[in-house]
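Colleague:
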Amino acid sequence: TGLRVKKETIGEISAAAQVMREFANHVIVKDRENFVDIVGTGGDGSHTFNISTASMFVAAAAGAKIAKHGNRGVSSKSGSADVLEALGVNIMLTPEQVGQCIEQTGIGFMFAPTHHPAMKNVAPIRKEMGVRTIFNILGPLTNPADAPNILMGVFHPDLVGIQVRVMQRLGAQHAIVVYGKDGMDEVSLGAATLVGELKDGEVREYEIHPEDFGLSMISNRGLKVADAVESKEMLL
Numbered sequence: 211t212g213l214r215v216k217k218e219t220i221g222e223i224s225a226a227a228q229v230m231r232e233f234a235n236h237v238i239v240k241d242r243e244n245f246v247d248i249v250g251t252g253g254d255g256s257h258t259f260n261i262s263t264a265s266m267f268v269a270a271a272a273g274a275k276i277a278k279h280g281n282r283g284v285s286s287k288s289g290s291a292d293v294l295e296a297l298g299v300n301i302m303l304t305p306e307q308v309g310q311c312i313e314q315t316g317i318g319f320m321f322a323p324t325h326h327p328a329m330k331n332v333a334p335i336r337k338e339m340g341v342r343t344i345f346n347i348l349g350p351l352t353n354p355a356d357a358p359n360i361l362m363g364v365f366h367p368d369l370v371g372i373q374v375r376v377m378q379r380l381g382a383q384h385a386i387v388v389y390g391k392d393g394m395d396e397v398s399l400g401a402a403t404l405v406g407e408l409k410d411g412e413v414r415e416y417e418i419h420p421e422d423f424g425l426s427m428i429s430n431r432g433l434k435v436a437d438a439v440e441s442k443e444m445l446l
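Residues 211 to 446, numbered by the working numbering, are exactly what the sequence shown covers, in order.
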C-alpha cells in the first residue's frame, strides 16, 4: 500500500514482475502463433461481469490461442476464477494440463495460486485488505505461459503508459493497454478509451471511440453484477 501511495514506477514494476516470472510454474506452449493473453487489473470499482473472461471465448473462436491467467475476486465482485468455477470449469489444472488445453482447444486458464505458489501467503492478506495493491498491477504481467501478445485493461489512466512500457521492457511482442474514460479497465462503450500500444518495438498512445467501430455510445450500467453467479448468467 505504501507503493500505491507513492505511485509505482516502471522500473519497480518491471523488476517485481521479472522476479515473479522467474519463480512461477510455467506453462509450455510450442505453437506460439496468434498466442494471446486477455487480462485486466480489476480494481476499477465498476463491478461489471467478467468481460475479459467472456472475450477469451470469442477470441479463441476467431482463431487465437488464449492463455488466461487469473484469480478469485479481491477488489471486485467476481474474479475470472470465480465465474469459471460457477460455469463448472475445473480451474485446478497442472501446468502440463493447461498447456494441453491450449494446444487442443485454443483456451487455457491458469489459476494464479497454482502457478505462483510463493504468493499463497499474500492472498489472504489481500482479501482482508480488500483494496488495490501492487499485485493488481503485477498479476497481469506475470502470465505463466508468457504469451507474447497481450490485451490488458487497467484501473487508472496513468497506468496505460506505464504498463505498456513495462511490457516493452519484459519483451512483449505486441501489447495493447486500455482504460475506459468512464472508469472501466476495459474498452468502453460508454466513453472514449485510452490506448497504449506496443508494436514493432515502438510505443504509441491514442484514443478510440465506439463510433470508430460502427457502434453507438451507450451506458455501461447494464453490465453490473452482484456476484459470480450473476456474472455467469450474463456471460451465457
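Idealized CB from N, CA, C, for every residue including glycine.
Source: prediction; values computed, not measured.
(1) Name the DSSP bridge partner or partners of Val249?
(2) Find out if the Cβ-Cβ distance for the pair Asn353, His279 is shorter than 8 angstroms.
(3) List the DSSP bridge partners of Met320.
(4) CB of Val387 to nearest heavy atom of the ligand SAH: below 7 angstroms?
(5) Report buried or exposed for Thr263, applying the criterion of at least 16 other Cβ atoms within 10 angstroms of its Cβ.
(6) For Val405 versus Glu396, is the C-beta spacing smaller than 8 angstroms?
(7) Identify, in the order they occur along the chain, each residue of the same chain with its Cβ nearer than 6 angstroms to the Cβ of Val308, setting aside the five sequence neighbours on each side.
(8) Do you know offhand how far Gln310's Cα is from Pro367's?
(9) Per DSSP, Glu200 is paired with what?
(10) Please classify Gly349 as buried or exposed, where buried requires at least 16 other C-beta atoms within 10 Å of its C-beta.
(11) Quick one: what's got a C-beta closer than 8 angstroms to Val299's C-beta in the same chain, skipping five residues either side?
(12) Among the candidates Arg242, Lys442, Pro327 and Glu218, whose CA atom is the shortest distance from the CA of Ile276?
(13) Assuming Val435 and Lys287 form a contact by the criterion Cβ under 8 angstroms, report the distance between their Cβ atoms to the nearest whole angstrom.
(14) Are Asp254 and Met394 closer than 8 angstroms when you measure CB to CB?
(15) Anyone know if the C-beta pair for Val413 and Arg375 falls short of 8 angstroms?
(16) Grab me the residues of Val370's own chain with a C-beta within less than 8 angstroms of its C-beta, minus the 5 sequence neighbours each way, in chain order.
(17) What residues match up with His325 in a beta bridge as DSSP calls it?
(18) Taking Cβ positions, are Ala274 and Val246 nearer each other than 8 angstroms?
(19) Please report how far the alpha carbon of Ile179 lies from the alpha carbon of Ala402, in whole angstroms.
Modeller: The answer reads as follows:
(1) Met362
(2) yes
(3) His279
(4) Ligands in the displayed structure: none, and consequently the ligand SAH is not present.
(5) buried
(6) If you check the CB distance, Val405 and Glu396 do not come in under 8 angstroms.
(7) Val237, Gly318 and Met320
(8) 36 angstroms
(9) Nothing can be reported for residue 200, as the shown portion of the chain is limited to 211 through 446.
(10) buried
(11) Apart from the 5 residues on each side of it in sequence, Val299 sits with its Cβ closer than 8 angstroms to the Cβ of Phe319 in its chain, given in chain order.
(12) Arg242
(13) 6 angstroms
(14) Contact: yes.
(15) yes
(16) Val364, Val387, Val388, Tyr389, Leu404, Val405, Gly406 and Glu415
(17) Paired residue(s): none; His325 is not in a bridge.
(18) yes
(19) The structure shown does not extend to residue 179, since the chain is modelled only from 211 to 446, so the question has no answer here.
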